[in-house]
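Student: Sending over a structure as structure tokens; questions will come in a sec.
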Amino acid sequence: MAQKIITIYTDDLTGEQSEDASTHTLALDGVAYEIDLGPDSFDQLLEAIGPFLEAGRRTGRIKGAAGARKAKTGGGEDTAKIRAWAKENGYNVNDRGRVSAEIRQAYAKAN
1 MAQKIITIYT
11 DDLTGEQSED
21 ASTHTLALDG
31 VAYEIDLGPD
41 SFDQLLEAIG
51 PFLEAGRRTG
61 RIKGAAGARK
71 AKTGGGEDTA
81 KIRAWAKENG
91 YNVNDRGRVS
101 AEIRQAYAKA
111 N
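By the numbering used here, the letter at position 5 of the sequence shown is numbered 5, and the numbering carries on one by one without gaps.
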């Protein structure tokens, strides 16, 4: 007998299936949260909380965060900064949605 197991990743914000959905861990007031987001939803999250993260202080990693699946979006760079850099350097980049791997690599190389 053969058995086939299929895992379907779903974006918790949109409810849509996404092969690129990744688990992200957040903490606020001592309560940790996990959320599965596709690249577009993750970009929305970063844009919404980005100013607060920049103004805040890091206190370390929250327990269990290291075991979460890593996003396929290319690490934790600030998407807004990458977009601004790309526009200044002649790249065609949308104001929303996923930033291409080519642009992320060029940004990383330049910085």
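Just so you know, even glycine gets a beta-carbon here, dropped at the ideal spot from N, CA and C.
Quantities reported herein were computed from a predicted structural model and do not represent experimental measurements.
(1) According to the neighbour-count rule (16 or more other Cβ atoms, all chains shown, within 10 Å of its Cβ), is Gly75 buried or exposed?
(2) In whole angstroms, what separates the C-alpha of Met1 from that of Thr7?
(3) Thinking C-alpha only, which one of Glu54, Leu37, Pro51 is nearest Gly97?
(4) Out of Val31, Asp78, Phe52, Lys109, which one is the CA nearest neighbour of Val99?
(5) Tell me whether Pro39 is buried or exposed, calling it buried when 16 or more other Cβ atoms sit within 10 Å of its Cβ.
(6) I'd like to know whether the C-beta atoms of Ala117 and Tyr91 end up nearer to each other than 9 Å.
(7) Based on Cα-Cα distance, which residue from Asp29, Val31, Ser41, Gly50 lies nearest to Gly15?
(8) Around the Cβ of Arg61, are there at least 16 other Cβ atoms within 10 angstroms (buried) or fewer (exposed)?
Tutor: The structure says:
(1) Any reading at Gly75 is ruled out, since the residue's pLDDT is 47, under 50, leaving its predicted position unreliable.
(2) Annotation: Met1 to Thr7 spans about 20 Å, alpha carbon to alpha carbon.
(3) Among Glu54, Leu37, Pro51, the Cα nearest to that of Gly97 belongs to Leu37.
(4) In terms of CA proximity to Val99, Asp78 leads the group Val31, Asp78, Phe52, Lys109.
(5) Classification for Pro39: buried.
(6) Given that the chain is displayed from residue 1 to residue 111, the structure contains no residue 117 and the question cannot be resolved.
(7) Among Asp29, Val31, Ser41, Gly50, the Cα nearest to that of Gly15 belongs to Ser41.
(8) With fewer than 16 neighbouring CB atoms inside 10 Å of its own CB, Arg61 falls in the exposed class.
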